[in-house]
Every structure is written in structure tokens, then in C-alpha cells.
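Written below as C-alpha cells is the structure these notes are about.
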Amino acid sequence: MTKEFGSGGSLARALRGVDLDVPYGELLILAGPSGCGKTTLVSIVAGTLEPSAGAVSVLGQDLVAMSNGRKVRFRRENVGFVFQAYNLLPSLTAAENAAVPLLIAGWARTRAVEAASELLDTLGLGSRLASLPTELSGGQQQRVAIARALVNDPAIILADEPTGNLDT
């Protein structure tokens, strides 16, 4: 697979000849300097960015051939995301933010928030369930983002620098 941005003299090749097969259940960590294509590769595997050439098969599904609507359903049902910038909704509490994937999947609000709260408690945020993102430290916000990625038990978790703000 390849991914290019721009054209002509301003053509930038983010990915060249990537051929990757990750068996189900395996952990894969991409490491490299800024600008080497890690986020581009994660975005293509997530189906949020199209490759310039090549095939993308995730869980036996051809992402390139999928319609945008089908990709949305595929991500909702199969993928958990941990974003580098957290992407928490500022008007929602920690528990509500973590519950978003369950709410999108059609869960009742009370049940979704309860499930998210249990997971947040496991991640050490049981006392911060009602806190808004602005009331949380960067590490706590990242834990909420991680809980949001895990709450619906996805087959795949894609994370872009998921531990940058966590306590070491």
C-alpha cells in the first residue's frame, strides 16, 4: 500500500510499499520519528483515510471497497480509538465521555454510563466520574479516552501516542 499527499513538485510520499499482516489477538507497536507515516498508517487501517494505491483488509473486510456509511458502521462495531489529542466532549462528564461509543451503539443512557463508570473505576478514576474534561489532568483525560476506546470491547484498538500524558 502507498499513500501520497499533494501532486507534482509538492508530492509527499507518506507510505511506500507497506505490506502488513497482523494476526488476530496480536499487539503491534509502530515506532519512529515524527513525520514517518505512523498516523497515516493508523488512519488508513481505521478507514478514515484512503490509500493512494493498494488494498486494505481489516478483519477480512476490504476497506477500500466499502462505502463511507459501511466504514462508519465497521468502525463503530469493531474499532476503538485512542486519539493523541483525547477528543473528549467538553460538556460531558468523564463517565459520559467514556460511554459515547455505547450510546452511539444504541445502549440506554443509564446502562451505558454505568458500564463506562465501572471501566473508569478500574482505570483509577472512580472518584472523577462526574468531572468535566477541564477538571481533569492530562493523564486523567487520557485515561477517559482509553476507557472510551475499550468500553464496547472492540476487536481492534488503534492508538496514536496513547501514553504520552500518563503517569510513569
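42 is the number of the first residue of the sequence shown in this note's numbering; add one for each residue after it.
A virtual CB, placed ideally from N, CA and C, is assigned to each residue, including glycine.
Pick from the options: whose alpha carbon is nearest that of residue i?
i	options	result
residue 139	114, 167, 113, 115	167
residue 186	129, 193, 88	129
residue 82	158, 65, 43, 170	43
residue 57	191, 77, 103, 73	77
residue 59	45, 154, 68	45
residue 89	64, 112, 121, 96	112
residue 74	55, 92, 91	55
residue 53	183, 93, 121, 191	93
Under a Cβ-count criterion, where at least 16 other Cβ atoms within 10 Å of its own Cβ denotes burial, should residue i be classed as buried or exposed?
i	result
residue 149	exposed
residue 96	exposed
residue 63	exposed
residue 169	buried
residue 131	exposed
If you follow the beta strand (DSSP E) that residue i is part of, which residue opens it and which one closes it?
i	result
residue 121	120-123
residue 53	53-56
residue 198	197-200
residue 45	44-46
Do residue j and residue i count as a contact pair if the criterion is CB distance below 9 Å?
i	j	result
residue 146	residue 109	no
residue 177	residue 157	no
residue 133	residue 123	no
residue 171	residue 196	no
residue 200	residue 160	no
residue 125	residue 80	yes
residue 87	residue 116	yes
residue 99	residue 119	yes
With respect to the alpha helix (DSSP H) encompassing residue i, which residues constitute its N-terminal and C-terminal limits?
i	result
residue 87	79-87
Taking only runs of the alpha helix (DSSP H) that begin and end inside the region 128-182, which ones reach a length of at least 4 residues, in chain order? Counting whole runs of 4 or more residues, the region 128-182 contains the alpha helix (DSSP H) stretches 135-145, 150-163.
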